[in-house]
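Notes for the one structure printed next.
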Amino acid sequence: MSTKEEFAAGRKLYYAVFSKFFVFCEDKGRFDGLNQMLDLIEEYSLNDEVLIAVKNIKSKFDERNPENLIAEFDDIFHTPPRPLRNSLSYYDEGYEVGHACADVRKILAKTSIRRDESKFKENEDNVGFVFTLMNEFIGKFGECEEELFKAIINPNIDEFIENLYEHQNSEIYKDVAVLLNEFIAFERVALNSPKPLRNENKKTDGLSRSESIRREKNRIRKLRSEGTYAK
Numbered sequence: 133m134s135t136k137e138e139f140a141a142g143r144k145l146y147y148a149v150f151s152k153f154f155v156f157c158e159d160k161g162r163f164d165g166l167n168q169m170l171d172l173i174e175e176y177s178l179n180d181e182v183l184i185a186v187k188n189i190k191s192k193f194d195e196r197n198p199e200n201l202i203a204e205f206d207d208i209f210h211t212p213p214r215p216l217r218n219s220l221s222y223y224d225e226g227y228e229v230g231h232a233c234a235d236v237r238k239i240l241a242k243t244s245i246r247r248d249e250s251k252f253k254e255n256e257d258n259v260g261f262v263f264t265l266m267n268e269f270i271g272k273f274g275e276c277e278e279e280l281f282k283a284i285i286n287p288n289i290d291e292f293i294e295n296l297y298e299h300q301n302s303e304i305y306k307d308v309a310v311l312l313n314e315f316i317a318f319e320r321v322a323l324n325s326p327k328p329l330r331n332e333n334k335k336t337d338g339l340s341r342s343e344s345i346r347r348e349k350n351r352i353r354k355l356r357s358e359g360t361y362a363k
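In the working numbering, the protein residues as written are 133 to 363.
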């Protein structure tokens, strides 16, 4: 295997691991093979943070008895009143099924790959599905791989990672967040995609922040013109 092929295989491995951690699935064997994948990441870890995170995950997870990980996933992503959003549209605009979802569908349309709704219950911009796509794209659809990372993952993933790390029910997933954070930093270098500035145009109470600011400025301007606004 050439160096280029090894590099691609390593990246595919990480995305396969994150696919397992973030794709919702009712299959009892959803985490089969994860221990072996984590062993490989540990053996060829990117840095000390990755090494420590993997060791922590392995100390708390047993794929032969994954009930604690399944329960933690449900507590984080499904349990009211504030399940963690795992839609990249939400981190882009503040609501589900936004531009990010439409853009992933456009990227998919350039390939022969389609979402199997019997396996993937969520929309195309779900983080687990996007990581699954990256695993499929690497080595097959180079342009789509770069577009998916640069246009969808890179601008929106940081807030998701922060929220996952800080979630009150995160224990194993706290270390998964560390692992994901370190890998995204690696991917940004590999794909020449600098870390973006925080998106300030996300919706707030049904409006984007930029639109809310614009309306507030107009309101103040109107009050001033009526002589009813005081600093």
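The beta-carbon is built from N, C-alpha and C at its ideal position, and this holds for glycine as well.
Do residue 193 and residue 260 have their beta-carbon atoms positioned less than 8 Å apart in this structure? no
Status (buried if at least 16 other CB within 10 Å, exposed otherwise) for residue 176: exposed
Where DSSP assigns a beta bridge to residue 219, which residues make up the other side? BP columns for residue 219 point to 258.
If you run the structure through DSSP and keep just helix, strand and coil, what is residue 155? Residue 155 falls in the coil class under three-state DSSP.
In terms of alpha-carbon separation, which member of 308, 325 and 315 lies closest to residue 188? Comparing Cα-Cα distances from residue 188 to each of 308, 325 and 315, the minimum goes to 308.
Can you tell which of 137, 168 and 139 has its C-alpha closest to the C-alpha of residue 364? No answer is possible for residue 364: the residues shown for the chain start at 133 and end at 363.
Is residue 299 near the ligand ATP - that is, is its Cβ less than 7 Å away from at least one heavy atom of it? Among the components modelled here there is no ligand, and therefore nothing to report on the ligand ATP.
Might you give, ordered along the chain, the residues of its own chain that have their beta carbon closer than 8 Å to the beta carbon of residue 318, omitting 5 neighbours on each side? 178
From residue 264 to residue 328, what distance separates their C-alpha atoms? Approximately 23 Å between the Cα atoms of the pair.
In chain order, what residues of the same chain have a beta carbon less than 7 Å from the beta carbon of residue 163, not counting five sequence neighbours either side? Closer than 7 Å at the Cβ level, and outside the excluded window around residue 163, lie 152, 195, 198 and 201.
If you reduce the DSSP assignment to three classes, tell me which class residue 168 lands in. DSSP places residue 168 in the helix class (H, G or I) of the three-state scheme.
I think residue 181 touches residue 310, with their Cβ atoms under 8 Å apart; what is that distance to the nearest whole Å? 6 Å
Reference residue 244, options 272, 165 and 316, closest by Cα: 272
Taking a contact to mean a Cβ-Cβ separation below 8 Å, would you say residue 220 touches residue 288 in this structure? yes
Excluding sequence positions up to five away, which residues of its chain have a Cβ less than 7 Å from the Cβ of residue 230? For residue 230, where only same-chain residues beyond five positions count, the Cβ hits under 7 Å are 221 and 224.
Spatial distance of residue 336 from residue 227 (CA atoms): A caution first: residue 336 carries a pLDDT of 47, below 50, which makes its placement in the model too unreliable to give a value.
Rounded to whole angstroms, what is the Cα-Cα separation between residue 184 and residue 141? Whole-angstrom Cα-Cα distance: 22 Å.
Under 8 Å by Cβ, that's how I've got residue 279 and residue 239 pegged, so tell me the actual separation to the nearest angstrom. 6 Å
With a CB to CB cut of under 7 Å and the five nearest residues on each side skipped, what residues in its chain are close to residue 207? Cβ contact annotation for residue 207 (same chain, cutoff 7 Å, sequence separation greater than five): 301, in chain order.
Where does residue 232 land, buried or exposed, given buried means 16+ other C-beta within 10 angstroms? By the neighbour-count definition (other C-beta atoms within 10 Å, threshold 16), residue 232 is a buried residue.
Can you tell me whether residue 231 is helix, strand or coil according to DSSP? In the structure shown, the three-state DSSP call for residue 231 is helix.
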